[in-house]
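Under the working numbering, the residue at position 348 of the sequence shown is numbered 350, and the numbers go up by one with no gaps. Note that the Cβ used here is the ideal one computed from N, Cα and C, for glycine as well. Just so you know, these numbers come straight off a predicted model, no measurement behind them.
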Amino acid sequence: MKKILFIIPYVPYPLNSGGNQAFLNMVEYIKEKMSVSILLYPKTGQDLINIEELKKVWSNVHFFVFKLDDPQFRNSLYVSVLQKIKASITRKIRRRLIKQESDPIREKSLLSQSYYPELPSQYLDYVAKISRSGFDIIQVEFFELISLGYILPPDTESVFVHHEIRYIRNENEMALFNNLTEGEKMYFQLAKDYERAALLQYKHVIALTETDKNILKQLTNKENIYSSPAIVRLSENNIFQPITTNRLTFLGSGGHYPNNDAMKWFASEIIPILRKKNFHFTLEVIGSWNLKEAKTMENASEIEMTGFVPNLHQYLNGSISIIPVRIGSGMRMKALDAIAAQAPIISTSKGIEGIDLRHNEECLIADSPEKFAEEITRLSQDVNLQKKLSSQAYNRLKQLYKPEEMLKRRMDIYNQIMQH
């Protein structure tokens, strides 16, 4: 069997996110056709526990687990504190240099972290050593590890999976800055040039959507760029439930800033309009949010922090799924999960970018606070529209993103790569 090595910056377990579920589905399929290895970089003690649990699930997958030698780095609290101090100092220095007043989106922007994501030298040595162990394909995922293309062996077929194009996210964030500076324009171009140069180190690139594939082709002029959507398992057990209690849901963790911005925008711009309309509702936020992240919504009594739910699709069923996302690229698993749960969707254009859904056919699209609030009240009062959107979106998902076909498409890409 041909040998493939996956290198990812996160431990894809437990299955508490759409991304983890999609990765599990893909590996479950691929490992029956190829010899699969995975290289992981645990940052906390919990990560190590999760890896041991994942080994039980994937008994026929080989694991390479990197651990820093210095014992003090094994203390997750110590690492977390250092990272927060570094990020805070970086932001303050940048504000002083550009003489720019702080604003919330600029504070959380990844622009200053996009020129070159630093990685420990020990980790780079470990990756270089493992990658020279006779693999046919080495696949790296997520922007945090994009620079690994520079150290992978040239005689191996290298693949980078781009989940979110960083310069597109930077553009989205900068469009929301107060008073964009010339320095920030320069930093943006530096980061974009770095992203392009790093992508050119890989022989092949996989995007999750056709939209991102076309953007990357234009950015790099590379021919070996493919689209391969994430995989969501559909269940016939989910039956449409009318939304009779004005129950809204949002799926996403607070650690991913586009989710944080989405909820802040909803709380500060959309909820006041709904209150003026005398529209009473609850918004249940599903995912992990710490106190600091949730603070952006502290004045919105309508919002309930639900946290992790054991059966996501069952929980989403019977609610209106909102996606007020303004930042990012790639495929939003939250949209696919809502469709699989037969929950009707109201989203911004950005929230369903790359997914072939149409306004008033499979979802409602609104890009201003006034329109978003209007669509919430309209949909909540129209059960027939709820049923139409959810059923047509579900049928379209079955037609366009059949799990078996998506998995076969990814395997066909690997076969094409090996022939290359």
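Assuming residue 213 contacts residue 250 under a Cβ cut-off of 8 Å, what Cβ separation, rounded to an integer in Å, is found between them? About 27 Å separates the Cβ atoms of residue 213 and residue 250, ruling out a contact at the 8 Å cut-off.
Is the Cβ-Cβ distance between residue 391 and residue 364 less than 8 Å? Yes, Cβ-Cβ distance for residue 391 and residue 364 is below 8 Å.
Pairwise C-alpha distance: residue 326 and residue 253 = Between residue 253 and residue 326, the C-alpha separation is close to 11 Å.
Next item on the list: Give the secondary structure of residue 107 by DSSP, where H, G and I count as helix, E and B as strand, and everything else as coil.
Entry: DSSP places residue 107 in helix when its eight states are reduced to three.
Sequence-distant residues of the same chain with beta carbon closer than 8 Å to residue 112, five excluded per side: Correct list, in chain order: 168, 171, 172, 175, 259.
I want to know whether the region 395 to 409 touches the region 262 to 282 - three or more CB-CB distances under 8 Å.
As far as the Cβ criterion goes, the region 395 to 409 does not touch the region 262 to 282, which means the pair count is below three.
For this session: Check the C-beta distance from residue 118 over to residue 196 and give it rounded, since I have them as a contact under 8 Å.
Result: Rounded, the Cβ-Cβ distance is 6 Å, consistent with contact.
(request) For the region 276 to 348, list the alpha helix (DSSP H) runs that are entirely contained and at least 4 residues long, ordered along the chain. (result) Entirely contained in the region 276 to 348, the alpha helix (DSSP H) runs reaching 4 residues are, in chain order, 293 to 296, 314 to 318, 335 to 342.
Take every Cβ of the region 58 to 67, pair it with every Cβ of the region 33 to 49, and state whether three or more of those distances are shorter than 8 Å.
-> The region 58 to 67 makes contact with the region 33 to 49; the number of CB pairs closer than 8 Å reaches 3 or more.
Practice task
Count the other C-beta atoms from every protein chain shown that fall within 10 angstroms of the C-beta of residue 279, then say buried if there are 16 or more, exposed otherwise.
Solution key: Looking at its Cβ environment, which holds fewer than 16 other Cβ atoms inside 10 Å, residue 279 is exposed.
Whole runs of the beta strand (DSSP E) within the region 195 to 261, excluding any shorter than 3 residues: The qualifying runs are 206 to 209, 227 to 229, 249 to 253.
| Can you tell which of 157, 121, 159 has the C-alpha that lies nearest to the C-alpha of residue 149? | Checked all of 157, 121, 159; the closest Cα to residue 149 is 121.
Three-state secondary structure assigned by DSSP to residue 129:
Annotated three-state conformation of residue 129 is helix, per DSSP.
### Query
To which residues of the same chain is residue 291 closer than 7 Å at the C-beta, ignoring the five residues directly before and after it?
Close CB contacts of residue 291 within its chain, under the 7 Å cut and outside five residues either way in sequence, are with 255, 256, 307 (chain order).
_CA nearest to the CA of residue 162, picked from 11, 69, 377, 191_ = The residue with the shortest Cα to Cα distance from residue 162 is 11.
How close, in whole Å, do the beta carbons of residue 395 and residue 359 come, if the pair is a contact with beta carbons under 8 Å? Between residue 359 and residue 395 the Cβ distance is about 6 Å, and since that is below 8 Å, they are a contact.
Original post:
Helix, strand or coil: how does DSSP classify residue 152 here?
Top reply: For residue 152, the secondary structure class from DSSP, reduced to helix, strand or coil, is helix.
* To do: Note the first and the last residue of the continuous alpha helix (DSSP H) segment covering residue 37.
  => Looking at the DSSP string, residue 37 is not in any alpha helix (DSSP H); the run it does join, the beta strand (DSSP E), is 37 to 42.
Reference residue 232, options 6, 9, 275, 31, closest by Cα: For the residues 6, 9, 275, 31, the minimum Cα distance to residue 232 belongs to 31.
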